[in-house]
Amino acid sequence: MRIELATEPGTQDRPNEDYASVAVPASGRGGAVVVLDGVTPPTGDDGCLHSVPWFTARLGGALAELSASRPDMTLRDILAEALARTAEAHRSTCDLSHPRTPQATVVLARWDAERVAYLVLSDSALLVEAADGTVSALLDDRLDRVPRANLVSDAVADATVRNKEGGFFTAAADPTVASRAVTGSLPRSEVRALAALTDGVTRWVEKFREGDWADLFALVRKEGAEATVARVRALEDADAETRTYLGRGKLHDDATLVYAEL
1489 MRIELATEPG TQDRPNEDYA SVAVPASGRG GAVVVLDGVT PPTGDDGCLH
1539 SVPWFTARLG GALAELSASR PDMTLRDILA EALARTAEAH RSTCDLSHPR
1589 TPQATVVLAR WDAERVAYLV LSDSALLVEA ADGTVSALLD DRLDRVPRAN
1639 LVSDAVADAT VRNKEGGFFT AAADPTVASR AVTGSLPRSE VRALAALTDG
1689 VTRWVEKFRE GDWADLFALV RKEGAEATVA RVRALEDADA ETRTYLGRGK
1739 LHDDATLVYA EL
């Protein structure tokens, strides 16, 4: 089994808000991948005493533990339980009803000898390579379908579409958001490899248009996780002056990638 993990902060003066982990049982017949992309809040009060890295570490740790130790639970149940545990850890000190309470995107994948189960919430991605080499992108595309008018500012997005019906959803403090996640399962025999990526890496496809999902997967397989992140950084640096591809977006975002050959 080949497993690679790379993560890099967007800038050195801010902590990395992503989280990633891989669990492989001693039997070698299964495993789990967890990738979170913490949502950077706008400047100002978010109702919480804790940082986004605190939140992603708490939530990610709970997801990793439950994914590896509770095969009887579905991934939706695992996300709901992990959110409940994390919320309980700061409910007494923080306003969890604030629209910008710490939150994250989620990718979960878990496999055993028979099945590969997956869960995706918000705009991180899970790429799956089939036994015949075909690559599929498992995505939650609700943010892409939100009208641009609803995203003109943080205030408008928070009031109209963030964690709201008809908008998009992230993992924050409400365990019921687990029911909104994109989930499914595939026969283990039909899956050769997985790649879980935050949007700091998927911009190779979505922003820079360097290739499609299959091309990105091929790059990860050939050059490795760290080299793929380095490729994205080079594209960002080349776009720093003209902003042809990134527009008003961050020049460098936290970038996390987990690759696993099953």
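In the working numbering, each residue's number is its place in the sequence shown (first place is 1) plus 1488. Glycine included, C-beta positions come from ideal geometry on N, C-alpha and C.
In terms of DSSP beta bridges, what is residue i paired with?
i       : result
Thr1671 : Leu1607
Tyr1526 : With the sequence shown as reference, residue 1526 is identified as Gly, and Tyr is not the correct amino acid for it. BP columns for Gly1526 point to Ala1592.
Arg1598 : Ala1520, Ala1605
Asp1506 : Asp1525
Phe1656 : Arg1650
Ala1718 : Answer by DSSP bridge pairing: none, since Ala1718 is not bridged.
Ala1661 : The partner list for Ala1661 (beta bridge, DSSP) is empty, contrary to what the question assumes.
Ala1511 : Ala1520
Let me know if residue i comes out buried or exposed under the rule of 16 or more other beta-carbons within 10 Å of its beta-carbon.
i       : result
Gln1500 : exposed
Pro1675 : exposed
Val1594 : buried
Val1604 : buried
Arg1502 : exposed
Ser1612 : buried
Glu1653 : exposed
Val1640 : exposed
Arg1588 : buried
Asp1741 : buried
Val1693 : buried
Pro1663 : buried
Glu1711 : exposed
Ala1637 : exposed
Going by Cα to Cα distance, which pick from the options is closest to residue i?
i       : options                            : result
Val1510 : Leu1537, Ala1556, Ala1659          : Ala1556
Ala1550 : Val1523, Ala1706, Ser1673, Asn1638 : Val1523
Phe1696 : Ala1706, Arg1719, Asp1560, Glu1553 : Arg1719
Leu1571 : Arg1731, Asp1560, Gly1548          : Gly1548
Thr1658 : Leu1609, Thr1664, Gly1699          : Leu1609
Thr1581 : Val1634, Asp1534, Asp1741, Arg1517 : Asp1534
Leu1631 : Arg1668, Val1512, Asp1600          : Arg1668
Ala1494 : Leu1704, Glu1714, Thr1648          : Glu1714
Gln1591 : Gly1526, Glu1576, Val1634          : Gly1526
Glu1569 : Val1693, Ala1666, Leu1750          : Ala1666
Leu1563 : Val1512, His1578, Ala1520          : Ala1520
Ala1577 : Asp1565, Leu1596, Arg1546, Thr1589 : Arg1546
Trp1701 : Val1623, Asp1560, His1740          : Val1623
Asp1628 : Thr1671, Pro1513, Gly1621, Asp1565 : Thr1671
His1586 : Gly1532, Glu1602, Ile1566, Tyr1733 : Gly1532
Asp1560 : Asp1600, Pro1541, Asp1583          : Asp1600
Phe1543 : Thr1574, Thr1528, Arg1558          : Thr1574
Leu1433 : Phe1656, Asp1620, Asp1583, Glu1698 : Residue coverage of the chain in this structure runs from 1489 to 1750, which leaves residue 1433 outside it and unanswerable.
Ser1539 : Ile1566, Asp1506, Ala1643          : Asp1506
Tyr1606 : Ala1743, Leu1567, Thr1730          : Leu1567
Glu1553 : Pro1541, Pro1530, Thr1528, Arg1598 : Arg1598
Thr1744 : Ala1645, Asn1504, Ile1491, Met1489 : Asn1504
Determine the extent of the alpha helix (DSSP H) in which residue i is found, giving its start and end residues.
i       : result
Arg1636 : Run containing Arg1636: none; DSSP gives neither H nor E here.
Glu1496 : No alpha helix (DSSP H) holds Glu1496; the beta strand (DSSP E) holding it covers 1490-1496.
Val1616 : No alpha helix (DSSP H) holds Val1616; the beta strand (DSSP E) holding it covers 1613-1618.
Pro1541 : 1540-1557
Thr1574 : 1563-1578
Leu1707 : 1701-1711
Kindly indicate the opening and closing residues of the beta strand (DSSP E) around residue i.
i       : result
Val1623 : 1623-1627
Ala1681 : 1679-1685
Ala1743 : 1743-1749
Say the cut is 7 Å; is the CB of residue i nearer than that to a heavy atom of the ligand PLP?
i       : result
Glu1492 : Absence of the ligand PLP is noted for the structure shown, with no ligands found whatsoever.
Three or more C-beta pairs under 8 Å: does that hold for the stretch 1681-1694 against the stretch 1611-1621? Contact between the stretch 1681-1694 and the stretch 1611-1621 is present: 3 or more CB-CB pairs across the two stretches fall below 8 Å.
Evaluate contact between the stretch 1720-1727 and the stretch 1686-1701, counting only Cβ atoms and requiring at least three cross-stretch pairs below 8 Å. yes
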